[in-house]
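Asks:
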Amino acid sequence: MSNKGIHSKLLILFSLLLTLLFVYTAVGKLIDLDTFQWRLARMPYISSFTSLISWGLPFLELVIAGLLWLPRYQIIALYGSLFLLASFTLYIALVLRYSDSIPCSCGGVISALGWTDHILLNVFFMTLSLLGILWSKKRYNIETH
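In the UniProt record's numbering, the protein residues as written are 1 to 145.
1. Would you give the residue range spanned by the alpha helix (DSSP H) that Gly114 belongs to?
2. Look up Trp55 in the DSSP assignment and say whether it is helix, strand or coil.
3. Take the Cβ of Gly56 as the centre, count every other Cβ of all protein chains shown within 10 Å, and call the residue buried at 16 or more, exposed below.
4. For Tyr45 and Leu21, what's the separation of their Cα atoms in angstroms?
5. Within the same chain, show all residues whose beta-carbon is closer than 7 Å to that of Ser99, passing over the 5 residues directly before and after it, in chain order.
6. Where does Met126 fall in DSSP's three states?
7. On the three-state DSSP scale, how would you describe Ile46?
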């Protein structure tokens with residue numbers, strides 16, 4: 001099997017894993033929206049944006065999950081995944097470094113993770129996004145030349 005075939009199958013796997021992550025987290029937030037908003041309101045630095053984040057974040061997660069399956073927009077979704085995960089990881093790092101209170105706004109299984117585990121999980125998914133971007137660009141360059 002060529003690298004192109006392997007990369008294509010891995011890109012499908014990465015898209016599936018990212019979709020599962022984003023749909024799971026978005027649905028969890030929307031199902032228990034009151035709790036998610038309450039937790040966001042307690043978060044340092046972003047509490048004044050609770051309403052915007054509580055609706056915008058799940059919407060963005062679902063949009064990214066959907067775009068991952070549209071070949072024309074897949075690379076945009078991979079960039080969106082990387083940006084969203086990197087932003088959240090940076091936020092966690094800043095809160096851990098500069099804040100005394102660190103409430104978790106996560107739900108479900110992810111809320112059972114400690115902060116270090118949460119960062120490692122995000123780094124894992126950022127790596128999938130980055131590899132997906134690189135392989136998508138490589139595939140695009142091969143197809144256009």
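Ideal placement from N, C-alpha and C gives every residue a C-beta, glycine not left out. In this text, all values refer to a predicted model and were calculated from it rather than measured experimentally.
Replies: Short version:
1. The residue you call residue 114 lines up with position 114 of the sequence shown. Careful: Gly114 lies outside any alpha helix (DSSP H) and carries neither H nor E.
2. Indexing the sequence shown from 1 puts residue 55 at position 55. Three-state result, Trp55: helix.
3. As a working note, residue 56 is residue 56 in the sequence shown. Gly56 comes out exposed.
4. Your numbering for residue 45 matches position 45 in the sequence shown. Your numbering for residue 21 matches position 21 in the sequence shown. Taking the straight line joining both Cα atoms gives about 25 Å.
5. One-based indexing of the sequence shown puts residue 99 at position 99. Cβ within range, chain order: Pro44.
6. Residue numbering aside, residue 126 sits at position 126 when the sequence shown is read from its first letter. Note: Met126 maps to helix in three-state DSSP.
7. Start at 1 with the first residue of the sequence shown, and residue 46 comes out as number 46. Coil.
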